[in-house]
Amino acid sequence: DEGLYAWVTVNYLLGRVTGPSRDTAAVLDLGGGSTQIATAAGAGAVGLGIRSTEVLGTQHNMFLHSYLGLGLMAGRSAVLALAADGPTPCAVKGARISFKYGDASYNGVRDPDSGPEECIGRVRSLLRSSDGPFAKAPAHPKFSRGQPIFAMSYYFDRAIYVGLVAPNAVRGRVT
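Here's what the structure looks like:
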């Protein structure tokens, strides 16, 4: 429901919620424990994650899915857990790390003999794992060329952090 509420809010504010589904915006919401994708899926879409819903008298066939375990903090915890309290390649050189998320905690240091390639490899293996959250999740429908996509919560914070959006911005646009 979290993704649906975000989708309704964004499309209502854009004046698109009662128009054709193909003219609506998609919504991505990155939280600490999960990320949500909500988008109109088109009249013929069927499968896992597809739900028909009526919003302000207009029927929309929606893809709604919460990817549990793929939030910012849950993901960080999973990557750090691969090091099992030993040195990790996924930190800034010289850093001492103390991280707690839920019942999991990690205390360690940056592995001085590894580079970013090792960290990228660990993250890829986690994301591509046959028993990981992506393997169990339904594939979302393709976004249309030019379709507006609203990325919020930690997606926005991370966009500021890496310089895609100006510091202290309340909104930003990335193309």
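With the working numbering, letter number 19 in the sequence shown gets 55, and the count goes up by one each step, no holes.
Beta carbons are placed, not taken as given, at the ideal position from N, Cα and C, and that holds for glycine.
- The shortest CA-to-CA distance from alanine 127 to any of Arg112, Gly138, Ala140 is the one to Arg112.
- Rounded to the nearest whole angstrom, the CA to CA distance from glutamate 154 to alanine 61 is 36 Å.
- Taken in chain order, the unbroken stretches of beta strand (DSSP E) that lie wholly in the segment 107-159 and span 3 residues or more are 132-137, 140-145.
- Per DSSP, reduced to three states, the secondary structure at threonine 89 is strand.
- In the DSSP assignment, valine 44 falls within the unbroken alpha helix (DSSP H) covering 38-49.
- Between the segment 185-196 and the segment 61-71 there are three or more C-beta pairs closer than 8 Å, enough to call the two in contact.
- In this chain, alanine 74 is not harboured by any alpha helix (DSSP H); it is covered by the beta strand (DSSP E) spanning 70-76.
- DSSP places alanine 62 in the uninterrupted beta strand (DSSP E) bounded by 62-66.
- Going by DSSP, alanine 173 is part of no beta strand (DSSP E) at all; its letter is neither H nor E.
- Valine 198 sits exposed, since fewer than 16 C-beta atoms from the chains shown fall within 10 Å of its C-beta.
- Under DSSP, isoleucine 185 takes part in a beta bridge, and its partners are Ala62.
- For threonine 54, the closest of Asn143, Thr75, Gly93 by C-alpha to C-alpha distance is Gly93.
- Three or more Cβ pairs closer than 8 Å define a contact, and the segment 146-162 falls short of that threshold against the segment 179-189.
- For the pair glycine 208 and leucine 50, the Cα-to-Cα distance works out to about 16 Å.
- Boundaries of the beta strand (DSSP E) harbouring phenylalanine 99: 94-104, taken from the DSSP string.
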